[in-house]
Amino acid sequence: MSQVYHAHSQHVEEADDSPTPVIDSFFSQGGNASLSTMTNFTLSEFESIWAIVESAMVTTWTMGRGRKSMTSPKDAFFMAMSVLKHCNAWDKHALDYKMKAPTFEKMIHRVFDTVEPILYEHFVKPISMTR
1 MSQVYHAHSQ
11 HVEEADDSPT
21 PVIDSFFSQG
31 GNASLSTMTN
41 FTLSEFESIW
51 AIVESAMVTT
61 WTMGRGRKSM
71 TSPKDAFFMA
81 MSVLKHCNAW
91 DKHALDYKMK
101 APTFEKMIHR
111 VFDTVEPILY
121 EHFVKPISMT
131 R
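Below you can see the structure in the form of structure tokens.
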């Protein structure tokens, strides 16, 4: 009995220690194909984009008073990327991530408010009418 308990506790500890449990659960289910299905990005592509917005997301996620989100900034960004790819109702997306729809919607809007100016500045280049 103690060996079964020990094996189970090791499994629970490993699962709880992950800084990004949402991404890890999708990756463990199907690797890059699973991540690509959810966001249209492989893990390395997602990591490249995450590196651009990481400092702003971590700052936004950890500043302020009051209750902190149980979702990591990286997982929230992953969820936001999946919302952009799959045009569904908030209820459907919230169910995918085991959250309530109003909470999920507020979190995703917070992510977009944080990353939109950074990604726009980094990826959108204005064209000039002169050569």
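According to the UniProt record's numbering, the sequence shown is numbered sequentially starting from 1.
Idealized CB from N, CA, C, for every residue including glycine.
With burial defined as no fewer than 16 other Cβ atoms inside 10 Å of the residue's Cβ, what is the status of F104: buried or exposed? Buried, because 16 or more other Cβ atoms sit within 10 Å of the Cβ of F104.
Buried/exposed call for V124, threshold 16 Cβ in 10 Å: It counts as exposed.
Locate the alpha helix (DSSP H) running through F112, then write down its first and last residues. Residues 101 to 123.
Nearest residue (CA-CA) to I49, options T130, D91, F77, G30: Relative to I49, the option among T130, D91, F77, G30 whose CA is nearest is F77.
Note down, in chain order, each residue of its chain lying with its Cβ closer than 8 Å to the Cβ of H8, except the 5 sequence neighbours on either side. Model confidence at H8 stands at a pLDDT of 49, short of 50, so the residue's coordinates are unreliable and nothing is read from them.
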